[in-house]
Every structure is written in C-alpha cells, then in structure tokens.
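In the UniProt record's numbering, the protein residues as written are 1 to 277. Even for Gly, the Cβ is constructed at its ideal location relative to N, Cα and C. In this text, all values refer to a predicted model and were calculated from it rather than measured experimentally. Notes follow the structure.
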Amino acid sequence: MAPTKPLYQSEESLRQLLTRINTVWPWSGLDEGERGLYKAGGDGTYVLETHETIFYAQGGGQPFDTGYMSVAGEGQKEARFDVQAVRNGAEGRVLHYGRFADGSDNTAFAEGIMVEQHIDGARRDLNSRIHTAGHIVGLAVCRLATQTPELQATDGVKAQHYPDISFVEFNGLIDGKWKEAIQRQCTEFVEQALPVRLSWLKPEELGEHEEVILVEGMPIITGPDGKVRIVDIVGAGAYACGGTHVPDTSFVGELVVKGIKRQKGISKVSYAIKDKA
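In structure tokens, the structure reads:
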C-alpha cells in the first residue's frame, strides 16, 4: 500500500487535479479500524486511494473536503465517484470514501487509471476561513497576554474549526471582561490583511523562530520528510498546523468572538465568521 501525497498542504488553491489511482477497495474489504473511520459506510461504499490528493482529510479540528473524481475513456461516457468523506489511514494513506454515481461504469476506476479530482470549492473556502479565524483568535489572546500580565491564559490547548461550532481553548482562566479586548484585537488582525505564509521546519529548528508558538503538551506532527508545516500569520504569530488557510487575514471576513467559558482551569473562547455578501 503506497502513501498518498497530500498536495493540499503545499498547493491550497488547487480545486482540480489529474492523478493516478493506487487502489480501489470495497468498504467491506477494509480492516475494522479503517471501516470505523467512516461509520456511515456500508453496501455500495468504496474507498479510492490515489497517488496524490487535493482532498483535505479530516483532522486538526477541520472538516474534510467533499467533491468527486471522474474518468472518461475514449468514446465512453464519463464515470464518476462521489467523495463523501476523507480520512487519514495507516502508513500515510489518504482514504476517499464514497459511492459511484448512478449509471457510472465502476470498472472504469482501477489501479493505474488516471482520474480528475474535483473538490467542493465553496466548502473548502468556508473551512479555510474558519480555520484561519481560529488562529487569529489564538494569536489575539497571546498578543493581549504579552501586553497585560493580568491576562494569565497563554497556551492554546485545543481547537475546533467547524461551521456549526468553532472555539479555541486555553490553559488558565480568562475572565469574561476580556471578551471586548479579544474582539478588538481579532478585528484589527483581520483589517490589517496580514499575509498567511506556509513554511517547513525541522523539529529542532522550531525553537529558533520566535514567531512560532509552541503549545506545551501538544505533539509536533511531521511530514514524510520529517519537517513540520508552519502556518505564519505575518506580524501576529505562527503555529504548527496541517490545515488549509486563506491567503491573508482579510479573506476571513467579519469575525465575531461569541463568548468565554471557564471550567477546571481551561477557558474556551468561541467564535464565528459571518457570511460574505
């Protein structure tokens, strides 16, 4: 079983890609662990693995991409595989779960065949805006904490960047009175249109870069080459992150800090982004 190159980590703007099929599996042919990654699977569900992919695999608090793959041989009708979920499998494999469209020639999808991947661009754009907004919230709290010793929370410990529920959690108790200050700092970061840049560092190099925020207790995840993917909001700070993001902070649009909840030494700052007109 060959690993999949996660092309979305280096070329986030791609919405279509021509690539080669590595394997095609019926859902029932997977081991129990990989069947369990997509509990909605069953009869008629298949898994496609490709040489590389632009489909984001669920993780890091960000939802997966959806879309489809198509293949059209000379003189035949286009066959289509609808991608309903994407997960990270064992040994660096990306698993595209889904079903063949009604009327599609399933035999057109086979090992070694070239397919064209198409992701749902609107879904990707929304998820990227939300994920970048989460980084902005985290960096806003860190900025305020460096400026005001009274604000004790400094380390983000957990985040979720879903359209229906988005939050960043911090060690320490953040009083509700800080909500407006966090909102102002988030709005400032958005309005400044700060560039969002990607880079790759060796784990031992992380401590040499002051802008990279290292969260105590959080694992450092490396790619196949042993390097860590860094997402830097230039002028605000950077995190190690495997998610997708917007080109600059203005693309996030209006970011709303919804509230702050505190429990057992942890503060949860919830947020949302507003639909663009």
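Distance from the CA atom of Cys186 to the CA atom of Ser270, rounded to whole angstroms, is 13 Å. For Lys5, the pairing in a beta bridge is given by DSSP as Glu52. Asp125 has its alpha-carbon roughly 10 Å from the corresponding atom of His131.
Using a Cβ distance threshold of 8 Å, Val212 and Pro247 do not count as a contacting pair.
Nearest in C-alpha terms to Leu30, of all of Glu205, Arg93, Val168 and Glu188, is Arg93. Excluding five sequence positions before and after Ala110, the CB atoms of its chain that fall closer than 8 Å to its own CB belong to Ile21 and Val24, given in chain order. Here Cys241 is near Gly60, since their CB atoms are less than 8 Å apart. The Cβ atoms of Gly89 and Glu34 lie closer than 8 Å to each other. Relative to Leu48, the option among Ile113, Phe251, Gly103 and Lys261 whose CA is nearest is Ile113. Taking the Cβ atoms as the reference, Leu151 lies roughly 5 Å from Ala145, within the contact range of under 8 Å. Ranked by how close their Cα comes to the Cα of Tyr239, the residues Ser250, Gly41 and Cys142 have Cys142 in first place. Per DSSP, Asp125 is not a residue of any beta strand (DSSP E); the alpha helix (DSSP H) it occupies stretches across Gly121 to Gln147.
Secondary structure note for Gly92: it is in no beta strand (DSSP E), with a DSSP letter that is neither H nor E. Judged by beta-carbon spacing, Tyr56 lies within the 8 Å limit of Gln62, meaning their Cβ atoms are closer than that value. Within the same chain, Ile230 come within 6 Å of Ser199 by CB-CB distance, once the 5 residues on both sides are set aside.
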